[in-house]
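At position 255 of the sequence shown (counting the first as 1) the number is 255 in full-length UniProt numbering, and the numbers step up by one without a gap. Okay, structure first, notes after.
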Amino acid sequence: MYPFERYMFHLKKKVKNMSKVEGSIVAQSLNEEITNFSAYYFAPTVQTKARKPGRYDDGGERPTYHTYVPSIFQEIGRLSGKRKGVWLTEQEVNHIHCYIIRNCEDVFPYESIFADQLRAEHEGISDEYLEELKQSMFPSWLKYYVISGDSRGQRFPTWFAELVEGPLLQVVSSPMYCTRGHVFRRKSTTRLRKTVNYGVVVKTPTVDYYGEIIDIIEVEYPGLLNLKCIMFRCEWYDPTYGQGMKVTKFGVTQINSSRRLGKYDPFILASQADQVCYLPYPRVVNINDPWISVTQINPRSRVAGSIYDEPLQQPFASMPTETQASTSRVPLVSTGEVQVEDLPIEADEEGSDEFAELSDSGDSEYSSDSVDSANVL
């Protein structure tokens, strides 16, 4: 009954004339329906009630640069909450720097050059060992490759020269980050909350990594452009299927909360994370069962699918042309192309006699009936 009562309260607020309550409700309801319907016919630039940004989807903040920079440094989002400076260790800074340059699309060609050099120097190198060499040697090799570019007659843009120098040791830590309609919080700030916003998943072609946000940091590269990038420090669950993750016959993904990822890889880009929620089962028996279910979270007021922002009403009406407006008669058959042959008509004597007999019989019947009716009168 509560939804109906809530709707009645919405209708009561429309009353402007207390002597005509029903009429006021009807008139205002019509105005509301007309307004909601016509709002979809405006251009996307027109702000309407249906296009009102959500609480955590206000457009965010995009870093501005006076020259081209990769999209990895142009993520739209907004840090929120009390911020503070945090000093990272050398291992953390090196890992963050390597992760950023290896996930930057503009650096992919140089990573391929480095991989080809390693394969030429180490014949028959395995993929696992090649990955280890990339993680440890690629940042220093890329820095030397850019610095020695002048000797080869190769020049690099400003953002590339600043990127290879590495980030600052001090980063900005924030408890909350709003982006793409989601609000991400670190786990330490949600202990006394009913909402759970620290669950994340990073999907890859082979494995999906589920984890929890430990910290939200803003990494900064010194220089003229002052490149900035938002990253999450996460604690990952074991992605091994059957041991750390499984899918039930009903399609529900479950995570073993007692197992963790052994590899050191805590940092991800904020643009790579999708939000999930971890829900424990209300068990009566075997309360200490570590398996919990995972639910994908969609932003509020958003529906997955293709959206057309073009206005339904055309900006101008098409006018009929002179050809369309012509009212002259158009011949259905062109006499110049079709030849008509006159066929001789032969009269059938038997047919003519038959019609003659029918006409005579009809006249005789009509005449006899008329005579009989005259005698009766």
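Positions of the beta carbon are idealized from the N, C-alpha and C atoms, including for glycine.
Determine the direct distance from the alpha carbon of C277 to that of G242, and round the result to whole angstroms. C277 has its alpha-carbon roughly 20 Å from the corresponding atom of G242.
If you measure between the beta carbons of V171 and V219, is that distance less than 9 Å? With respect to the 9 Å criterion, V171 and V219 are classified as neighbours on the basis of their beta carbons.
Cβ atoms of Y177 and S80: under 9 Å apart, would you say? Yes, the pair counts as a contact, with Cβ atoms nearer than the cut-off.
In chain order, what residues of the same chain have a beta carbon less than 7 Å from the beta carbon of residue 379, not counting five sequence neighbours either side? As shown, the chain starts at 1 and ends at 377. That puts residue 379 outside it, with no answer to give.
Please state whether the Cβ-Cβ distance between K14 and E32 is less than 9 Å. A Cβ-Cβ contact shorter than 9 Å links K14 with E32.
Check for me: the alpha helix (DSSP H) holding L30 runs from which residue to which? That run of the alpha helix (DSSP H) goes 21-38.
Bridge partners - H95, DSSP secondary structure assignment: Per DSSP, none; premise fails for H95.
Here's the rule: buried if 16 or more other CB atoms are within 10 angstroms of the residue's CB, otherwise exposed. What is G124? G124 sits exposed, since fewer than 16 C-beta atoms from the chains shown fall within 10 Å of its C-beta.
According to DSSP, simplified to helix, strand and coil, what is K194? K194 falls in the coil class under three-state DSSP.
What residues in its chain sit with their C-beta under 6 Å from that of E131, if we drop five residues either side in the sequence? For E131, where only same-chain residues beyond five positions count, there are no Cβ hits under 6 Å.
Buried versus exposed call for E22 [16 or more other C-beta atoms within 10 Å across all chains shown]: So E22 counts as exposed.
Is the separation between the beta-carbon of T240 and that of S293 shorter than 9 Å? Against a cut-off of 9 Å, the Cβ pair of S293 and T240 comes out as no contact.
Based on the DSSP secondary-structure assignment, which residues constitute the bridge partners of residue 408? Residue 408 lies beyond the residue range present for the chain, which begins at 1 and ends at 377; the question has no answer from this structure.
To the nearest angstrom, report how far apart Y221 and K228 are at their CA atoms. Approximately 6 Å, taken between the alpha carbons.
What residue does the alpha helix (DSSP H) around R6 start on, and which one ends it? It spans 2-12 - the alpha helix (DSSP H) in which R6 sits, taken as one unbroken run.
So what does DSSP say about M176, is it helix, strand or coil? In the structure shown, M176 sits in a strand (DSSP, three-state: E or B).
For K12, does the count of other Cβ atoms within 10 angstroms reach 16, so buried, or fall short, so exposed? K12 is classed as exposed because its beta carbon has fewer than 16 other beta carbons within 10 Å across all chains shown.
What is the C-beta distance between I268 and V202, in whole angstroms, given that I count them as a contact (C-beta under 8 Å)? That belief holds up - the Cβ atoms of I268 and V202 are roughly 6 Å apart, short of 8 Å.
Where Y198 falls, given that 16 or more other Cβ within 10 Å makes a residue buried: So Y198 counts as buried.
Environment of residue 406 [buried if 16+ CB atoms lie within 10 Å]: The requested residue 406 does not occur in the structure, where the chain is confined to residues 1 to 377.
Return the Cβ separation of V200 and I213 in integer angstroms, given the expectation that the two are a contact with Cβ distance under 8 Å. Rounded, the Cβ-Cβ distance is 6 Å, consistent with contact.
Contact under 9 Å by Cβ, G166 with N103: The answer is no: Cβ separation not under 9 Å.
DSSP state of E121 mapped onto helix, strand, coil: In the structure shown, E121 sits in a helix (DSSP, three-state: H, G or I).
Starting from N256, follow its DSSP beta bridges and name the residues at the other end. Its beta-bridge partners are W291.
Beta-bridge partners of K228, as assigned by DSSP: Bridge partners of K228: E220.
Per DSSP, what kind of secondary structure is V146 in: helix, strand or coil? Helix, per DSSP.
Check this for me: beta carbons of F160 and V183, under 9 Å apart or not? No, these two residues do not count as a Cβ contact at 9 Å.
Tell me the residue span of the alpha helix (DSSP H) that contains F184. Premise fails: F184 lies in the beta strand (DSSP E), 182-185, not in any alpha helix (DSSP H).
Where do the N-terminal and C-terminal ends of the alpha helix (DSSP H) with residue 379 fall, by residue? Residue 379 cannot be examined here, being either before or after the span of the chain that is shown, 1 to 377.
Euclidean distance between Cα positions of V247 and N286: Their backbone Cα atoms lie some 20 Å apart in a straight line.
DSSP state of L261, grouped into three classes? DSSP places L261 outside both helix and strand once states are collapsed to three, so it counts as coil.
Within the 9 Å Cβ cut-off, does T35 reach chain C? Here there is only one protein chain, and chain C is not present.
Straight-line gap, F232 to F42 (C-alpha atoms, nearest Å): In this model, F232 and F42 are separated by some 39 Å (Cα to Cα).
Output the distance between the C-alpha atoms of V29 and W291, rounded to the nearest integer angstrom. The sequence shown places Ser at residue 29, not Val. Spanning the two alpha carbons is a distance of roughly 50 Å.
What does DSSP give as the partner residues of V207 in its beta bridges? In the DSSP output, where bridge partners are listed per residue, V207 has none listed.
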